[in-house]
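Residue numbers are given in UniProt numbering: position 65 of the sequence shown equals residue 65, and the series is strictly consecutive. Note that CB positions come from ideal geometry on N, CA and C, so glycine has one too. In this text the structure is predicted, and so the values were computed from the model without any measurement. Report on the structure given below.
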Amino acid sequence: MDDHEQIAAILTRYEQAVLDRDVDAVFADYIPNPVAYDLAPPLETRGAAVLDREGLKTWLDSWDGPVRVTSQEPAILVDGDLGILFTLQHMTGTKKGEGETDLWFRCTVALRRIAGAWKIVHIHTSVPMAMDGSGKAETGLKPA
Numbered sequence: 001m002d003d004h005e006q007i008a009a010i011l012t013r014y015e016q017a018v019l020d021r022d023v024d025a026v027f028a029d030y031i032p033n034p035v036a037y038d039l040a041p042p043l044e045t046r047g048a049a050v051l052d053r054e055g056l057k058t059w060l061d062s063w064d065g066p067v068r069v070t071s072q073e074p075a076i077l078v079d080g081d082l083g084i085l086f087t088l089q090h091m092t093g094t095k096k097g098e099g100e101t102d103l104w105f106r107c108t109v110a111l112r113r114i115a116g117a118w119k120i121v122h123i124h125t126s127v128p129m130a131m132d133g134s135g136k137a138e139t140g141l142k143p144a
């Protein structure tokens with residue numbers, strides 16, 4: 001596999017790990033001390049706190065049935081030992097006590113080749129913010 005295929009495979013493994021509720025597999029391609037700018041607070045999480053297996057298990061258990069995260073036309077750029085993946089992701093499922101979730105959001109992943117293997121060093125997920133002064137997240141947007 002070339003670099004682009006290896007990075008794309010990381011994304012595929014992640015999507016399957018979420019569907020399988022496999023906490024260890026979700027984090028399998030991360031370095032031990034990554035940085036995350038996640039949909040959930042806080043603004044920034046660093047180090048081992050990003051790899052919060054118990055927190056992820058609790059989140060996965062908050063879904064009634066499968067939760068799916070799929071990616072739309074991911075773009076992958078590679079320069080030496082640095083790789084960047086960016087895509088729109090679509091999360092669907094049924095939250096216990098909350099009903100259906102149908103959320104599109106942005107995802108950017110920075111990867112570094114370490115000892116011949118691509119590893120996630122940074123992940124950033126976000127939704128746009130309304131620019132009307134309300135500061136509200138625009139969670140109902142869909143791709144054009």
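Suppose the cutoff is 6 Å on Cβ atoms and the five residues either side in sequence are ignored; what does the same chain contact list for residue i look like?
i: A17; result: A25, V26
i: I31; result: K119, V121
i: K36; result: Here residue 36 turns out to be Ala, not Lys, going by the sequence shown. The residues are T45, V50, I123.
Looking only at C-alpha atoms, which of the options sits nearest to residue i?
i: V127; options: I120, T87, Y14; result: T87
i: T70; options: E138, R13, G55, Q6; result: R13
i: D79; options: A110, D64, T92; result: A110
i: R21; options: G97, W104, D61, D3; result: D61
Which whole-angstrom value describes the C-beta separation of residue i and residue j, a residue pair presumed to lie in contact below a C-beta threshold of 8 Å?
i: L82; j: R112; result: 6 Å
i: D64; j: K96; result: 5 Å
i: D38; j: T125; result: 6 Å
Could you name the residues of the same chain whose beta carbon sits closer than 8 Å to that of residue i, not counting the 5 residues immediately before and after it, in chain order?
i: P74; result: A8, L11, L85, F86, T87
Apart from the five residues on each side of it in sequence, which residues of its chain come closer than 7 Å, Cβ to Cβ, to residue i?
i: E100; result: T94
i: G140; result: none
Along the chain, where does the beta strand (DSSP E) that runs through residue i open and close?
i: D102; result: 99-114
Could one say the Cβ of residue i lies closer than 8 Å to chain B's Cβ atoms, at least one of them?
i: L82; result: Among the chains of the structure shown, chain B does not appear; only one protein chain is present.
Taking DSSP as the reference, what is the three-state secondary structure of residue i?
i: residue 163; result: No statement about residue 163 is possible, as the shown extent of the chain runs from 1 to 144 and does not include it.
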